[in-house]
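K.L.:
Under the working numbering, the residues of the sequence shown are numbered 1 to 290, in order.
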Amino acid sequence: MHARFIALVFLSISMMALNHQQVHLKTVRTSLSILVSPVQYIVEWPTKMLQWIGESLTSNQKLLSENENLRTRLLLVNAQLQKLILLEQENDELRAFLHSSVHSTDKVLVAQLLSVDPDPFAQQVIINKGEKQKLYLGQPVLDENGVFGQVIQLGTFSSRVMLITDTRSAVPVQDNRSGVRGIVVGRGDSTQLALVDMPITADIQVGDQLVTSGLGEVFPVGYPVGVITDIKENSGVQFSQVTVTPTARLNEGHLVLLVWPQFVKSRLTPIKTKLLTKKTAKTESNKNAN
Numbered sequence: 001m002h003a004r005f006i007a008l009v010f011l012s013i014s015m016m017a018l019n020h021q022q023v024h025l026k027t028v029r030t031s032l033s034i035l036v037s038p039v040q041y042i043v044e045w046p047t048k049m050l051q052w053i054g055e056s057l058t059s060n061q062k063l064l065s066e067n068e069n070l071r072t073r074l075l076l077v078n079a080q081l082q083k084l085i086l087l088e089q090e091n092d093e094l095r096a097f098l099h100s101s102v103h104s105t106d107k108v109l110v111a112q113l114l115s116v117d118p119d120p121f122a123q124q125v126i127i128n129k130g131e132k133q134k135l136y137l138g139q140p141v142l143d144e145n146g147v148f149g150q151v152i153q154l155g156t157f158s159s160r161v162m163l164i165t166d167t168r169s170a171v172p173v174q175d176n177r178s179g180v181r182g183i184v185v186g187r188g189d190s191t192q193l194a195l196v197d198m199p200i201t202a203d204i205q206v207g208d209q210l211v212t213s214g215l216g217e218v219f220p221v222g223y224p225v226g227v228i229t230d231i232k233e234n235s236g237v238q239f240s241q242v243t244v245t246p247t248a249r250l251n252e253g254h255l256v257l258l259v260w261p262q263f264v265k266s267r268l269t270p271i272k273t274k275l276l277t278k279k280t281a282k283t284e285s286n287k288n289a290n
């Protein structure tokens, strides 16, 4: 056994020496390498395949991870963009507020809408200002386009506002063109108001702008309320059916303007100011007429 091992070692050394010295064995080596190449390829193929699969999985996982990171970044960017859009809208509203109240001597305060009453028959919203900011019952509320409503319930840090389209609301108005006075009441529809008890002989036209008249000493004088959009005269009836579209954006925006009119500050303590509803508006209108 040992002799065979020694013989094989001696043979191997002899062949290596011969291979080193004899150039003509190069052709034999080349031929043998060609014959052995398929075997080497077959032997190496599983290893290379496993390596390729591993690299593919790693690359795919990396792409999925990068894709997820990009989606997250895109979501954050979109959220920031939405916030910027909202801030831009609020800035536009604030500019409009400043523009609309620049000639007014009344004290004003900007408030934000917190929620809208889900009851379709109650045109009301909640704002983020209350008794802490010295609000009072009946306080007029505006937006950048016109009369929005009035405060009907007070909390410490929030208040409930009744929109001018609420069925209980009434606003004394004056036709900006002819000077005709009347009362605009809500219909429970956020897109329509009604100019009530208007004689068919009154000088009003479709397209006339109605502004607050100041009667009743609740709403300041001269703020836009709505535009007359329809006048119907029924035979045998002495009053016209007048439809008014509110100028305030009752279903849009996030900001409103609270107003402390001069006559309220000089005449009444805030908490005793009455609400201006249909009944009180008619009473005040009759008093002024007499």
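C-beta: ideal position from N, C-alpha, C; glycine also. Computed from a predicted structure; not experimentally measured.
Apply the 10 Å Cβ neighbour rule to R4 and answer buried if 16 or more other Cβ atoms are within range, or exposed otherwise.
P.N.:
exposed
K.L.:
Could you tell me the alpha carbon to alpha carbon distance between V218 and G182, rounded to whole angstroms?
P.N.:
Distance between the alpha carbons of V218 and G182 is about 15 Å.
K.L.:
Output needed for G149: all residues of its chain with C-beta closer than 6 Å, excluding positions within five of it in sequence on either side, in chain order.
P.N.:
V141, V161, M162, L163 and I164
K.L.:
What whole-angstrom Cβ distance do Y136 and V147 have, given they're in contact under 8 Å?
P.N.:
Rounded, the Cβ-Cβ distance is 17 Å, inconsistent with contact.
K.L.:
Exposed or buried, which one is P38 when buried takes at least 16 other CB atoms within 10 Å?
P.N.:
exposed
K.L.:
Do you know how far the Cα of Q61 is from the Cα of W52?
P.N.:
14 Å
K.L.:
With a threshold of 7 Å (Cβ to nearest heavy atom), would P246 be considered close to the ligand ATP?
P.N.:
The model on display carries no ligand, and the ligand ATP is accordingly not part of it.
K.L.:
May I ask you to report which of helix, strand or coil DSSP gives Q112?
P.N.:
If DSSP states are grouped into helix, strand and coil, Q112 belongs with the strands.
K.L.:
Within 10 Å of its beta-carbon, does L258 have 16 or more other beta-carbons around it, so buried, or fewer, so exposed?
P.N.:
buried
K.L.:
Skipping 5 residues on each side, what residues in its chain have a beta carbon closer than 6 Å to that of S101?
P.N.:
Because S101 carries a pLDDT of 49, less than 50, the predicted location of this residue cannot be relied on, and the following value inherits that uncertainty. Same-chain partners within the cutoff: V108.
K.L.:
Is it a yes or a no for the region 218-233 touching the region 198-205, going by three-plus beta-carbon pairs under 8 Å?
P.N.:
yes
K.L.:
List the DSSP bridge partners of M49.
P.N.:
By DSSP's assignment, M49 forms no beta bridge with any residue.
K.L.:
Go through its chain and collect everything with a Cβ distance to S158's Cβ below 8 Å, but skip five positions before and after it.
P.N.:
L114, I126, I127, N128, K129 and G130
K.L.:
Cα separation between L154 and Q124?
P.N.:
13 Å
K.L.:
Report the residue from A7, A122 and N234 whose alpha carbon sits nearest the alpha carbon of S169.
P.N.:
A122
K.L.:
Can you name the start and end residues of the beta strand (DSSP E) that S178 belongs to?
P.N.:
S178 -> no beta strand (DSSP E), and no H or E assigned at all.
K.L.:
Considering only C-alpha positions, which residue in the set K134, N251 and F10 is nearest to W260?
P.N.:
K134
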